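Notes follow once the structure below has been shown.
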Amino acid sequence: MTRRPSSVTITASVTIARSSAVHRPSARVTTPVTVVVDPGAGAGGAVGEARAVAGRARVAAASSRGRRTTAEGSSSRGRPAGEARRGARITVIGGGRRCSPAAASGRDPRTPCVLQGPPMASEDRPVRVRIAPSPTGDPHVGTAYIALFNYAFARQRGGKFILRIEDTDQSRARADSEQMIFDALRWVGLSWDEGPDVGGPFGPYRQSERRAIYAEHAALLVERGGAYRCFCTAERLGQVRAQQQAEKRSTLGYDRHCRGLERDESARRAAAGEAHVIRLAAPLAGKVIVHDKLRGEVPFDVGQIDDQVLMKSDGMPTYHLANVVDDHLMQISHVIRAEEWISSTPKHVLLYQAFGWDAPEFIHMPLLRSADKSKISKRKNPVSINFYRDAGILPAALLNFLALMGWSFGGDREKFTLAEMIEAFAWDKVSLGGPVFNLDKLVWLNEKYIHELSHAELVDALLGWRLSRDHLIEIAKLVRERIKRLDEFVPLTEYFFSGDLDYAPVIAEMGIPEVEPALVGRGLLALVERLDARDGWEAKGLEEEARAWAEEHQWKTKHAFMLLRLAVTGRKASPPLFDTIVVLGKEITRRRLRVAAEAVAARKA
RNA sequence: GGCCCCAUAGUCUAGCGGUCUAGGACGUCGCCCUCUCACGGCGAAAACAAGGGUUCAAGUCCCUUUGGGGUCACCA
Numbered sequence: 026m027t028r029r030p031s032s033v034t035i036t037a038s039v040t041i042a043r044s045s046a047v048h049r050p051s052a053r054v055t056t057p058v059t060v061v062v063d064p065g066a067g068a069g070g071a072v073g074e075a076r077a078v079a080g081r082a083r084v085a086a087a088s089s090r091g092r093r094t095t096a097e098g099s100s101s102r103g104r105p106a107g108e109a110r111r112g113a114r115i116t117v118i119g120g121g122r123r124c125s126p127a128a129a130s131g132r133d134p135r136t137p138c139v140l141q142g143p144p145m146a147s148e149d150r151p152v153r154v155r156i157a158p159s160p161t162g163d164p165h166v167g168t169a170y171i172a173l174f175n176y177a178f179a180r181q182r183g184g185k186f187i188l189r190i191e192d193t194d195q196s197r198a199r200a201d202s203e204q205m206i207f208d209a210l211r212w213v214g215l216s217w218d219e220g221p222d223v224g225g226p227f228g229p230y231r232q233s234e235r236r237a238i239y240a241e242h243a244a245l246l247v248e249r250g251g252a253y254r255c256f257c258t259a260e261r262l263g264q265v266r267a268q269q270q271a272e273k274r275s276t277l278g279y280d281r282h283c284r285g286l287e288r289d290e291s292a293r294r295a296a297a298g299e300a301h302v303i304r305l306a307a308p309l310a311g312k313v314i315v316h317d318k319l320r321g322e323v324p325f326d327v328g329q330i331d332d333q334v335l336m337k338s339d340g341m342p343t344y345h346l347a348n349v350v351d352d353h354l355m356q357i358s359h360v361i362r363a364e365e366w367i368s369s370t371p372k373h374v375l376l377y378q379a380f381g382w383d384a385p386e387f388i389h390m391p392l393l394r395s396a397d398k399s400k401i402s403k404r405k406n407p408v409s410i411n412f413y414r415d416a417g418i419l420p421a422a423l424l425n426f427l428a429l430m431g432w433s434f435g436g437d438r439e440k441f442t443l444a445e446m447i448e449a450f451a452w453d454k455v456s457l458g459g460p461v462f463n464l465d466k467l468v469w470l471n472e473k474y475i476h477e478l479s480h481a482e483l484v485d486a487l488l489g490w491r492l493s494r495d496h497l498i499e500i501a502k503l504v505r506e507r508i509k510r511l512d513e514f515v516p517l518t519e520y521f522f523s524g525d526l527d528y529a530p531v532i533a534e535m536g537i538p539e540v541e542p543a544l545v546g547r548g549l550l551a552l553v554e555r556l557d558a559r560d561g562w563e564a565k566g567l568e569e570e571a572r573a574w575a576e577e578h579q580w581k582t583k584h585a586f587m588l589l590r591l592a593v594t595g596r597k598a599s600p601p602l603f604d605t606i607v608v609l610g611k612e613i614t615r616r617r618l619r620v621a622a623e624a625v626a627a628r629k630a
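Residue 630, in the numbering used here, is where the first sequence stops; the numbers in between run on with no holes.
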């Protein structure tokens with residue numbers, strides 16, 4: 026055997042551990058590191074030992090800016106992952122020079138540079154987190170899901186949980202949505218310390234009420250060269266995009282046509298009232314490193330980032346600007362949001378850079394999925410919190426179930442309270458695979474919760490649900506003329522209290538004469554879409570919608586409405602259809618329509 | 001398609017190099033309990049995507065491939 030040298034010096038490309046990544050500190054950045062090893066204590070061959078040391082040296086390299094690192098050779102097992110978790114940080118990325126904000130914001134666009142990832146929120150910084158739902162429809166389970174993790178984290182750390190309404194899209198805003206979001210969140214048991222309805226020191230908490238703030242910040246950016254006015258029309262943008270697609274360009278996006286405009290000219294045109302947007306002047310070359318607490322350093326090539334619109338021509342900010350400005354002004358310490366945001370995070374990092382602000386820590390939770398693994402959507406799954414409420418799910422069970430999506434309590438514990446979750450909460454127990462929202466398991470959990478209720482509590486739960494006095498009165502209005510004795514009430518109104526209906530007894534009659542069942546099924550789905558697009562839920566409007574729908578399909582209302590009646594009540598006779606639908610509520614109705622559509626489509630022609 | 005993320009049973013997950021002949025749960029199936037149905041109890045089938053490395057040792061680390069997902073708007 027060859028005599029071992031007294032020491033071995035290897036120079037290797039050592040990959041720097043992603044700083045403070047909770048998961049897999051895998052290689053992202055390669056930096057030459059020289060490791061000097063004393064093989065004295067090593068059990069294996071010197072080279073092998075040196076490699077092991079090099080592995081351990083990753084962390085050291087990360088924390089020492091890639092300078093020469095000496096590591097003691099020893100046979101103890103290095104755990105870079107654990108060490109990385111404990112806070113090794115990257116301060117220099119790769120070999121590029123650091124960017125000045127000016128360079129980053131485009132004054133010096135030709136010089137390649139590497140942007141530093143956002144600094145980590147320091148451990149002792151007060152925790153302030155937020156959820157920022159957009160009031161564009163029904164309260165979404167995804168909102169509750171993300172809210173839960175924000176809430177649990179905030180509570181554990183004694184921090185604040187903030188609710189902010191992101192209503193900058195005037196075209197999609199829905200009048201009743203905001204209140205429904207409040208109600209739904211409170212229903213599951215999450216409450217906020219600051220928000221539009223409770224106030225707070227950093228208000229207003231509705232973005233539509235903060236327009237002046239965004240305008241001011243956008244102007245500041247334009248002044249500094251970090252953003253510019255764009256006068257391109259929608260048509261031109263469309264053409265550019267079409268051409269890029271025709272050319273099969275790998276990177277799509279705005280062609281920066283207006284970026285070269287002279288400042289004076291730009292200002293003059295704006296002053297003259299010409300419609301324009303304000304765009305981010307993204308650096309033209311280099312990398313942006315996003316630091317994600319769960320994933321570590323996520324690199325993005327700046328070439329992939331286009332000059333994102335910051336201010337729309339209607340004077341409203343886009344999400345990107347509003348979210349960065351608000352998070353900074355509201356002193357948000359951790360941005361906990363869904364994974365779908367990860368690819369726009371580099372833009373946000375660029376914005377923080379351009380403003381000269383420290384970025385919060387980013388934590389992207391995995392996306393809730395439908396059974397086919399795609400992002401959960403109302404076409405494939407009930408996504409409204411109201412659905413689960415109306416379907417008889419207890420709020421505690423829903424919350425517990427949501428906690429199971431991507432997080433594990435520890436041990437084999439699956440059933441736990443919010444308080445217990447807060448106590449046990451830790452980011453390293455989050456798993457990154459996208460969890461499928463599985464109704465079966467939710468129902469099983471719900472069963473557990475119901476069985477724990479006392480008899481009196483069960484009754485209270487029922488009375489607070491569809492057996493409430495108010496709801497019964499609504500039903501009484503519909504059936505009083507239709508019963509002769511009290512004992513007829515329950516059998517006659519059973520479908521007001523049921524979940525999914527059994528269509529087997531009536532399936533033969535669920536159809537439209539001379540129309541393929543598959544087409545009828547599709548028609549039912551089309552009605553769901555129409556109903557979704559509506560604002561209110563009152564009989565007159567519903568009837569109008571249904572009539573328009575029947576006409577569109579060229580179905581006689583007689584047939585179309587019987588189809589609906591069967592779908593919604595499972596019966597051929599019911600109180601007036603649209604009044605019934607109103608009382609049934611949107612969630613039960615749309616679910617039944619969907620289930621019926623499936624049943625019908627599966628029917629033999 | 002470019003970029004990014006992810007990868008243990010049908011599903012949710014445990015697993016942080018040796019304790020894994022891979023643990024728990026939902027669902028499925030069987031048995032028991034039982035006047036029925038449920039609950040409950042017991043049991044069974046069912047997974048480390050593939051291929052290369054690294055290592056004495058890999059589900060666990062690295063790479064590639066494959067697969068899945070997200071994103072590429074004057075939507076959030």
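Glycine is no exception: its CB is placed at the ideal position from the N, C-alpha and C atoms. Predicted, not measured: the structure shown is a model, and the values here were computed from it.
{"Check": "So which of ILE532, ARG414, HIS584 and ASP527 has the shortest CA-CA distance to GLU539?", "Outcome": "HIS584"}
{"Check": "Where does ALA300 land, buried or exposed, given buried means 16+ other C-beta within 10 angstroms?", "Outcome": "exposed"}
{"Check": "Consult DSSP for LEU305 and reduce its assignment to one of helix, strand or coil.", "Outcome": "strand"}
{"Check": "Take the Cβ of CYS476 as the centre, count every other Cβ of all protein chains shown within 10 Å, and call the residue buried at 16 or more, exposed below.", "Outcome": "Rather than Cys, the amino acid found at residue 476 in this sequence is His. With fewer than 16 other Cβ atoms within 10 Å, it is exposed."}
{"Check": "In the DSSP output, what is SER409 paired with across the bridge?", "Outcome": "HIS165"}
{"Check": "Going by DSSP, which residues form a beta bridge with TYR253?", "Outcome": "ARG304"}
{"Check": "In its own chain, which residues sit with a C-beta less than 8 Å from the C-beta of PRO600, not counting the 5 before and 5 after it?", "Outcome": "LEU503, VAL504 and ARG507"}
{"Check": "Can you tell me the Cα-Cα spacing of LEU424 and ILE156, whole angstroms?", "Outcome": "16 Å"}
{"Check": "Taking the DSSP output, what are the residues bridged to ILE447?", "Outcome": "Answer is none; ILE447 lacks a bridge partner."}
{"Check": "Let's test the definition: count the other Cβ atoms within 10 Å of the Cβ of ASP8 and tell me whether it reaches 16, buried, or not, exposed.", "Outcome": "Nothing in the structure corresponds to residue 8, since the chain is present only between 26 and 630."}
{"Check": "In terms of residues, what are the limits of the beta strand (DSSP E) holding LEU188?", "Outcome": "185–188"}
{"Check": "Find the nearest neighbour of PHE603 within the set VAL213, LEU556 and ASP415, judged by alpha-carbon distance.", "Outcome": "LEU556"}
{"Check": "Just tell me which of THR161, GLY417 and TYR520 has its CA closest to the CA of GLN195.", "Outcome": "THR161"}
{"Check": "How long is the line joining the alpha carbons of ALA592 and ALA573, rounded to whole angstroms?", "Outcome": "18 Å"}
{"Check": "Go ahead and pull the three-state DSSP assignment for ILE330.", "Outcome": "coil"}
{"Check": "Under a Cβ-count criterion, where at least 16 other Cβ atoms within 10 Å of its own Cβ denotes burial, should ARG510 be classed as buried or exposed?", "Outcome": "exposed"}
{"Check": "Specify the secondary structure class of PRO324 as computed by DSSP and reduced to three states.", "Outcome": "strand"}
{"Check": "Taking the alpha-carbon of THR614 as reference, which of VAL327, LEU549 and VAL334 has the nearest alpha-carbon?", "Outcome": "LEU549"}
{"Check": "Spell out the partners DSSP gives GLU219 in its beta bridges.", "Outcome": "ILE187"}
{"Check": "What residues match up with ILE388 in a beta bridge as DSSP calls it?", "Outcome": "ILE361"}
{"Check": "Could you name the residues of the same chain whose beta carbon sits closer than 6 Å to that of PRO391, not counting the 5 residues immediately before and after it, in chain order?", "Outcome": "GLU364, GLY431, LEU457 and GLY459"}
{"Check": "If we count Cβ pairs, one from each stretch, closer than 8 Å, do we get three or more for the segment 290–298 versus the segment 257–265?", "Outcome": "no"}
{"Check": "For TYR2, I'd like the list of residues in its chain whose CB is within less than 8 Å of its CB, leaving aside the five on either flank, ordered along the chain.", "Outcome": "As shown, the chain starts at 26 and ends at 630. That puts residue 2 outside it, with no answer to give."}
{"Check": "Could you check if VAL315 is buried or exposed, using at least 16 other CB atoms within 10 Å of its CB as the buried criterion?", "Outcome": "buried"}
{"Check": "Who are the near neighbours of ARG180 in its chain, counting only those whose CB is closer than 6 Å to its CB and skipping five residues on each side?", "Outcome": "ILE447"}
{"Check": "If you run the structure through DSSP and keep just helix, strand and coil, what is LEU467?", "Outcome": "helix"}
{"Check": "Would you kindly report the start and end of the unbroken beta strand (DSSP E) that includes ILE314?", "Outcome": "311–317"}
{"Check": "If the criterion is Cβ atoms closer than 9 Å, does the pair GLY546 and ALA626 meet it?", "Outcome": "yes"}
{"Check": "By the DSSP assignment, the alpha helix (DSSP H) with ILE613 in it spans what residues?", "Outcome": "611–626"}
{"Check": "From this set, LEU588, PHE514, VAL154 and ARG438, which residue's C-alpha is nearest MET355's C-alpha?", "Outcome": "VAL154"}
{"Check": "Which residues share a DSSP beta bridge with VAL608?", "Outcome": "DSSP output for VAL608 lists no bridge partner at all."}
{"Check": "For the candidate residues ALA169, VAL166, LEU173 and LYS273, whose alpha-carbon lies nearest to that of LEU443?", "Outcome": "LEU173"}
{"Check": "Which same chain residues, not among the five before or five after ALA307, have their C-beta less than 8 Å away from its C-beta?", "Outcome": "GLY131, VAL327, ILE330, ASP331, ASP332, GLN333, LYS372 and LEU375"}
{"Check": "Within 10 Å of its beta-carbon, does LEU215 have 16 or more other beta-carbons around it, so buried, or fewer, so exposed?", "Outcome": "buried"}
{"Check": "Per DSSP, what are the beta-bridge partners of LYS400 in this structure?", "Outcome": "ARG394"}
{"Check": "DSSP three-state call for PRO342: helix, strand or coil?", "Outcome": "strand"}
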